[in-house]
Amino acid sequence: MSAKTPPFRVAIIGTGGIAHAHARALAELGDRAVLVGVADVDRSRAEGFATEFGASGVYTDAADLLAAETELDLVHICTPPQTHATLAIQAMRAGVPALVEKPTVLSLAEMDELVHVNAETGVPVLTVFQHRFGPAALRLRRLAASGALGRPLVATCETLWYRPDEYFDVPWRGRWEVEGGGPTMGHGIHQFDLLLAVLGPWALVSAFAARQSRPTDTEDVSIALAQFDNGAVATVVNSVVSPRETSRLRFDYEYATVEVEHLYGYAESDWTFTPAPGHEDLVPLWAADAEPDVTSGHRLQIEAILDALEAGREPEVSIAEARRTMEFVAATYASAFRGLPVAAGEITGDDPFTRSMDGGAVPWAPVKEVVA
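Residue numbers (full-length UniProt numbering): 1 to 372.
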């Protein structure tokens, strides 16, 4: 990639709730980024958003925005999940890197289409996985990669959240065809993406999923056991039926345990570092470069993306990394609904779980009548 010079010209497609987090993050970056255009099918909502955040261009169609704003450096896609693939492809074909809210797409088939267009155009498509970019997570990844912590042995990843029945009144929530899945796809994905970023490629998943109480087509709870290429094993729990909400990650290495417990964003104080006996010399390494006043969130990832664009580097989180996380989602569903372990790389071709996360195999789905 060729280096670009700030201020970066940015647009946002979709001006609902999560778009506000993107716009506030851009505003916090000061003169480095300028929001030049917004698009939303609801023009009045787009106009209100543009007024609030100082965007000059207002559009009701993403194609019109991409055609009119010819010098964009980055476009944020903040629309419901079923639109992500189409909009990301439009952006890439227009030559504009796209930052897509999670989940990137609804299926591995859509993800592979993005991979194809990315290879064809050379234009990045990125996924919002902001928890990778907090200072403590970056420090953990550096220490783990250096070997200072020894081998990773066991990990725990829990997203125990609570969403009342009314949460699912929004038409696209809790439906396979428009959201892609339940808490495995839309809630816990942030935590286990960080798990994958720290532990590296996964090898095998064995999972269970259930619809315990929420009025959804999808699961409201899933539990997965995962093996990794490096020999580590992990449990991953995703829930939207848990009244005491928490997000928790724990990594047990040969020489230390590293933990974080937070809810929607972590600070330095949310992390705990416990050296194994005889390895107390690791404590100063963990404490080095701590940034106690910084909380993980959209700003840190967007800032890292702009740094990469300015340096001419490939920004994160790349389509290859995001695909690994999405394949973990598909494997969780496939294992849960088939009752069998799923290996990395196993879901390919015409496998139903390539085409959709439910794979046509949801045990609580109503039986469709066959018309003669």
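All C-beta atoms in this analysis are idealised placements derived from N, C-alpha and C, irrespective of residue type, glycine included. Note that this is a predicted model, so its numbers are computed, not measured.
Contact check between the region 196-216 and the region 172-188: three or more CB pairs, one atom from each, fall below 8 Å, which counts as touching. Given a length threshold of 4 residues, each whole run of the alpha helix (DSSP H) inside the UniProt domain "GFO/IDH/MocA-like oxidoreductase" (139-251) is given here in chain order: 176-179, 183-186 and 189-199. For Arg9, there is no enclosing alpha helix (DSSP H); the residue is found in the beta strand (DSSP E) stretching over Phe8 to Ile13.
Of the residues assessed, Leu263 falls on the exposed side of the cut-off, its CB having fewer than 16 other CB atoms within 10 angstroms.
Excluding its 5 nearest sequence neighbours in each direction, Glu291 has C-beta neighbours in its own chain below 7 Å: Pro135 and Glu268, listed in chain order. In summary, Gly37 is buried, with 16 or more beta-carbon neighbours lying within 10 Å of its beta-carbon over all protein chains present. According to the DSSP assignment, Leu99 belongs to the beta strand (DSSP E) that extends over Ala98 to Val100.
Across the set Gly231, Gly297 and Ala331, the C-alpha of Gly297 shows the shortest separation from the C-alpha of Leu194. Annotated three-state conformation of Ala343 is strand, per DSSP. Contact between the region 316-334 and the region 178-194 is present: 3 or more CB-CB pairs across the two stretches fall below 8 Å. As far as DSSP is concerned, Glu280 takes part in no beta bridge. In this structure, the CA atom of Asp169 is about 35 Å from the CA atom of Ala344.
The residues Pro7, Phe8, Val10, Leu26 and Leu306, in chain order, have a CB closer than 7 Å to that of Ala33 in the same chain once the five nearest residues on each side in sequence are set aside.
For Val36, the uninterrupted beta strand (DSSP E) segment begins and ends at Ala33 to Ala39. Bridge pairing for Tyr253: Pro152 [DSSP].
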